[in-house]
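Novice:
2 protein chains.
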Amino acid sequence: MPNGPAAPDSNGMTAPASRLDALDDQACFLLLATVPFGRVVATSGALPLVIPVNFTLDNRVVVFRTAADGPLAAATRGAVVAFQADDIDPVTRTGWSVAVTGVADPVVDASEALRMGQLGLEPWAPGQRDTYVRIVPGLVSGRYLTGSA
Amino acid sequence: MPNGPAAPDSNGMTAPASRLDALDDQACFLLLATVPFGRVVATSGALPLVIPVNFTLDNRVVVFRTAADGPLAAATRGAVVAFQADDIDPVTRTGWSVAVTGVADPVVDASEALRMGQLGLEPWAPGQRDTYVRIVPGLVSGRYLTGSA
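Those sequence lines, one after another, are chains A and B.
Once you know that position 33 of the first sequence is 618 in this note's numbering, the rest is easy, because the numbers rise by one and skip nothing.
Once you know that position 53 of the second sequence is 638 in this note's numbering, the rest is easy, because the numbers rise by one and skip nothing.
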């Protein structure tokens, strides 16, 4: 029950309870499309790796660019990864978080790479980042926090 | 070389190159202390789990609260996890990302739990979240992006 009864605080005041509601897949992708960057979560040398990247959505496929010989390309090639984004206002404590879990793979097909080039995705980070990586969504989960502050 | 030569764009204009610079541990913790929430990255059922939490720093130990019987408590108990936070301005494409990797453990010692209670950490999410989880930093990494936009 996300919206439980309000509990009195130490001053005896009753604040409205905060809520945490699940988002369906459609809402998750609508919200994802509103932010320009998220975080790729992968494993590197048995340790978690979390790297922010700017991205775009190609239908429901997350696409980002990276360096062909970099650690992010190595950690995502054929791997199950997560892509997470959120937008939470610390003042109202209201906002959302979405995570897409799926298999990541670099685009190697030439015509598909050409098509990716039309997405208008320019990497924010410096250096040659000409490899497009796609994360095809398997699991999608999202939650919306409504604050009590 | 983070600050490479500027390349002409498709209009022949030369923009200043963006930069990505490594942050030392001190800078990482100073920046972490400026944000109220970050993301716990763990593994659950062999899949990556990414959950935003509000947190505080107890010296260099990341502390957050969760439900004793929840998925976050289960996924972090004695596990190597990452805690990541960032603050990146999408307009200037300037900002930072910090990731702390270390072993997470719930606080079970009563006097330590009492001390945690003095940190003023109130969970944003609803429900009973009376377990304090500590992530003792092993690896710390951070990067500062200076945009070219």
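Idealized CB from N, CA, C, for every residue including glycine.
Let me confirm a value: Asp-694 (chain B) is counted as buried when at least 16 other C-beta atoms fall within 10 Å, else exposed. Which label applies?
Specialist: That one is exposed.
Novice: Using only alpha-carbon positions, find the residue among B:Gly-732, B:Asn-639, B:Ser-629, B:Pro-711 that is nearest to Ala-659 (chain B).
Specialist: The candidate whose alpha carbon is nearest that of Ala-659 (chain B) is B:Ser-629.
Novice: Give the DSSP bridge partners of Arg-728 (chain B), in chain order.
Specialist: Arg-728 (chain B) is bridged to B:Ala-607, B:Ser-682.
Novice: How is Leu-632 (chain B) classed by DSSP in three states: helix, strand or coil?
Specialist: Three-state DSSP puts Leu-632 (chain B) in a strand.
Novice: On the CB-based measure, 16 or more other CB atoms within 10 Å of its CB, does Ser-696 (chain A) come out buried or exposed?
Specialist: It counts as exposed.
Novice: For the alpha helix (DSSP H) containing Arg-700 (chain B), name the first residue and the last one.
Specialist: Run containing Arg-700 (chain B): 695–701, per the alpha helix (DSSP H) assignment.
Novice: Throw me the rounded Cβ distance for the Val-635 (chain B) and Gln-669 (chain A) pair, which I believe falls under 8 Å.
Specialist: That belief holds up - the Cβ atoms of Val-635 (chain B) and Gln-669 (chain A) are roughly 4 Å apart, short of 8 Å.
Novice: Do we get a CB-CB distance below 8 Å when we pair Val-638 (chain B) with the residues of chain A?
Specialist: Chain A, which has no Cβ nearer than 8 Å to the Cβ of Val-638 (chain B), makes this no.
Novice: Three-state secondary structure (DSSP) at Asp-594 (chain B)?
Specialist: Bear in mind that the predicted position of Asp-594 (chain B) carries a pLDDT of just 49, short of 50, making it too unreliable to give a figure here.
Novice: Check the Cβ-Cβ distances between Val-721 (chain B) and every residue of chain A, and say whether any is below 8 Å.
Specialist: Closer than 8 Å: no.
Novice: Spatial neighbours of Gln-611 (chain B) within its chain, please: CB distance less than 6 Å, with the 5 preceding and 5 following residues excluded, ordered by chain position.
Specialist: Nothing listed; no residue qualifies.
Novice: Nearest chain A C-beta to Ala-558 (chain B) closer than 8 Å, yes or no?
Specialist: Chain B is shown from 586 up to 734; residue 558 (chain B) falls before or after that span and cannot be answered.
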